[in-house]
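The sequence shown: position 344 = 346 (my numbering), numbered continuously. Right, one structure below, let's go through it.
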Amino acid sequence: MNTPQNESDSLAVVGLQWGDEGKGKIVDLLAPDFAAIVRYNGGANAGHSVVVGGKRFALHLVPSGVLRPSCDSIIGNGVVVDPEQLLKELDGLTEQGIDCSRVVVSSRAHVVMPYHKAEDAAREKALAESLGIKAVGTTGRGIGPAYAEKVQRSSAVRVGDLLRPDWLRERIRAALAFKRPVLERWAPDETDAIDEDKLFELAISWGERLKDRITDTTILLHDHLDSGRRLLFEGANATLLDVDHGTYPFVTSSNACALGIPSGSGVPADVVGRIVGIAKAYQTRVGAGPMPTELTDSIGDAIRERGREFGTTTGRPRRIGWLDLVALRYSARLNGVTEIVLTLLDVLAGFDEIKLCTAYEIDGKQTTHFTPDACTLESVKPIYDTLPGFDDEITEARSMESLPANARTLIERIENYVGVPISMVGVGPDREQTIMVQSRAGAGTVD
Ligand code: IMP
């Protein structure tokens with residue numbers, strides 16, 4: 003599974019679970035070695051928090067590399083951009099003293115319009131309340147409806163269209179022809195979201211504020227590559243939420259694993275030689291959908307509190323479970339990860355024992371294969387290995403040797419099961435609270 007890597011490889015950072023694995027911190031940590039940090043999927047549904055010098059930055063659309071002034075921050079064509087949110091984020095970062103002058107956005111990225119957000123909320127509500135069907139539990143950021151519009155084509159607004167008034171108005175009008183009846187029926191209060199003139203004025207004002215940032219980002223990426231510079235692709239959401247390979251239908255609407263990089267950015271797949279998969283030392287999930295190792299007891303509550311497991315985007319409490327190695331190996335294979343970063347290990351300190359799910363029982367039969375299908379996963383019984391816990395506080399540890407022996411055993415068990423080396427271990431939220439495992443693949447290139 004480990005592809006050969008060399009110093010000139012571009013790199014991807016992808017989540018291997020259901021999101022919130024701590025990708026933002028790792029991207030920020032790796033960023034100085036790269037010319038540009040590139041988002042290729044998702045939208046403002048992603049929530050990356052990075053803590054630098056005790057200060058917490060919450061990022062949704064802006065790539066996490068923005069906190070490193072030497073990098074371009076590129077929002078690629080595969081992202082769905084809510085300009086309102088992007089501008090808010092840029093203003094907030096600027097107020098906090100962050101230089102955002104190198105943030106650019108693809109003219110071909112699609113725009114999340116107010117009617118997409120209204121439709122997202124209305125669909126969820128209608129499914130659950132009126133039809134009694136289990137909703138996806140989306141973030142309400144309009145992600146699904148915006149990607150659906152992209153595939154519909156004739157009524158979609160792209161970021162570049164914000165600078166073309168005639169074309170823009172036509173697209174909004176086309177969209178409203180279909181949205182209006184739906185929203186009048188399911189979201190009668192959302193009158194602004196179906197007001198053509200108001201929407202047009204709003205979109206024009208976004209274009210005015212964003213015009214210097216709108217560009218053909220694919221050309222920019224190819225120019226970097228032609229000059230021998232390396233790129234870092236930052237996956238949003240995560241592998242088990244991938245629209246094709248995740249726990250469908252309880253997924254997001256983009257290719258959130260590394261397979262989405264070529265289409266979502268415009269660079270060939272073989273540019274990315276190093277794929278860093280991020281996994282928590284336990285499992286979390288927000289929204290609906292199967293989660294075989296879910297803990298609904300006091301252990302789950304304790305992990306939630308210790309890990310501050312509340313959504314960055316929505317504030318929702320996250321569902322908690324023991325680490326699912328069956329799912330982790332599936333994700334590692336799918337992405338072709340060359341190394342794993344294990345995050346939030348400190349959260350597991352203090353438990354008498356720690357469980358690892360090593361197989362599933364389905365209809366009385368054991369399997370170590372993950373089936374990315376919600377119906378099958380609902381009936382899975384997890385089979386666990388139980389390891390002794392570690393008491394000591396590990397937030398000050400900066401080397402493998404300074405970790406308690408039981409924590410090291412846990413790390414080795416994960417590596418052996420998945421078949422991929424763990425190159426870094428997170429022991430706290432700060433950039434500094436990271437153990438670099440120097441002997442493992444890829445770790446030597448990190449500052
Ligand atoms: P959507 O992406 O807002 O449509 O939400 C679809 C599902 O993906 C919901 O269960 C969300 O909670 C989940 N989701 C989307 N983005 C993230 C993320 O960045 N972290 C965790 N869960 C996410």
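By construction, the Cβ of each residue, glycine as well, lies at the ideal position given by its N, Cα and C atoms.
Please specify which runs of the alpha helix (DSSP H), each continuous and at least 4 residues long, are wholly inside the region 7-60, giving them in chain order.
-> 25-32
Is residue 22 near the ligand IMP, going by C-beta to nearest heavy atom under 7 Å?
-> In the sequence shown, the residue the question calls residue 22 occupies position 20. Because some heavy atom of the ligand IMP lies under 7 Å away, the Cβ of residue 22 counts as near it: yes.
Please confirm whether any heavy atom of the ligand IMP lies closer than 7 Å to the CB of residue 143.
-> Position 141 of the sequence shown, counted from the first residue, corresponds to residue 143. Within the cutoff, so yes.
Using the rule of at least 16 other Cβ atoms within 10 Å of the residue's Cβ for burial, across every protein chain shown, is residue 167 buried or exposed?
-> On the sequence shown, position 165 is the one that residue 167 refers to. So residue 167 counts as exposed.
With residue 122 and residue 70 assumed to form a contact (beta carbons below 8 Å), what rounded beta-carbon distance in angstroms separates them?
-> Position 120 of the sequence shown, counted from the first residue, corresponds to residue 122. Position 68 of the sequence shown, counted from the first residue, corresponds to residue 70. Going by Cβ atoms, the distance from residue 122 to residue 70 rounds to 32 Å, so no, they are not a contact pair.
Quick one: complete alpha helix (DSSP H) runs, 4+ long, within the region 270-322?
-> 300-308
For the candidate residues 119, 209, 171, whose alpha-carbon lies nearest to that of residue 108?
-> Looking up residue 108 in the sequence shown gives position 106. Comparing Cα-Cα distances from residue 108 to each of 119, 209, 171, the minimum goes to 209.
Can you find a heavy atom of the ligand IMP that lies under 7 Å from the Cβ of residue 257?
-> Numbered from its first residue, the sequence shown carries residue 257 at position 255. For the ligand IMP, not one heavy atom lies less than 7 Å from the Cβ of residue 257.
Please go through the same chain and pick out, in chain order, the residues whose beta-carbon is closer than 6 Å to the beta-carbon of residue 329, but skip the five residues on each side of it.
-> As a working mapping, residue 329 is identified with position 327 in the sequence shown. 372.
Kindly examine the ligand IMP and report whether one of its heavy atoms sits closer than 7 Å to the Cβ of residue 389.
-> By one-based count along the sequence shown, residue 389 stands at place 387. Every heavy atom of the ligand IMP is 7 Å or more from the Cβ of residue 389, so no.
Alpha carbon to alpha carbon, what distance is there between residue 299 and residue 431?
-> Locating residue 431 in the sequence shown gives position 429, counting from the first residue. Locating residue 299 in the sequence shown gives position 297, counting from the first residue. Cα to Cα, the separation comes out at about 25 Å.
Supposed contact pair residue 266 and residue 15 - C-beta distance, whole angstroms, cut 8 Å = Start at 1 with the first residue of the sequence shown, and residue 15 comes out as number 13. Start at 1 with the first residue of the sequence shown, and residue 266 comes out as number 264. About 14 Å separates the two Cβ atoms, so there is no contact after all.
Taking 7 Å as the line, does the beta carbon of residue 59 fall inside it for any heavy atom of the ligand IMP?
-> By one-based count along the sequence shown, residue 59 stands at place 57. Because no heavy atom of the ligand IMP lies under 7 Å away, the Cβ of residue 59 does not count as near it: no.
The ligand IMP heavy atoms versus the CB of residue 123: any closer than 7 Å?
-> To locate residue 123, count along the sequence shown from 1; it is residue 121. Result no, Cβ not under 7 Å from the ligand IMP.
So does the region 276-296 actually touch the region 309-323, counting three or more Cβ pairs closer than 8 Å?
-> yes
In whole angstroms, what separates the C-alpha of residue 407 from that of residue 94?
-> Here residue 407 is taken as the residue at index 405 of the sequence shown, counted from 1. Here residue 94 is taken as the residue at index 92 of the sequence shown, counted from 1. In a straight line, the C-alpha of residue 407 is about 43 Å away from that of residue 94.
So what's residue 189 in DSSP terms, helix, strand or just coil?
-> Within the sequence shown, the letter at position 187 stands for residue 189. In this structure, residue 189 counts as coil in the three-state DSSP scheme.
Note down the Cα distance separating residue 429 from residue 223, rounded to an integer number of angstroms.
-> Position 427 of the sequence shown, counting from 1, holds the residue named residue 429. Position 221 of the sequence shown, counting from 1, holds the residue named residue 223. So the alpha carbons of these two residues sit roughly 34 Å apart.
Can the beta-carbon of residue 162 be found closer than 8 Å to that of residue 221?
-> Against the sequence shown, residue 162 aligns to sequence position 160. Against the sequence shown, residue 221 aligns to sequence position 219. Contact: no.
Taking 7 Å as the line, does the beta carbon of residue 266 fall inside it for any heavy atom of the ligand IMP?
-> Locating residue 266 in the sequence shown gives position 264, counting from the first residue. No, the Cβ of residue 266 stays beyond 7 Å of every heavy atom of the ligand IMP.
Simplified DSSP state of residue 390, which is helix, strand or coil = As a first step, residue 390 must be located in the sequence shown, where it is residue number 388. Of the three classes helix, strand and coil, the one that applies to residue 390 here is strand, per DSSP.
Count the other C-beta atoms from every protein chain shown that fall within 10 angstroms of the C-beta of residue 367, then say buried if there are 16 or more, exposed otherwise.
-> Working through the sequence shown from its first residue, we reach residue 367 at position 365. By the neighbour-count rule (16 or more Cβ atoms within 10 Å), residue 367 is not buried but exposed.
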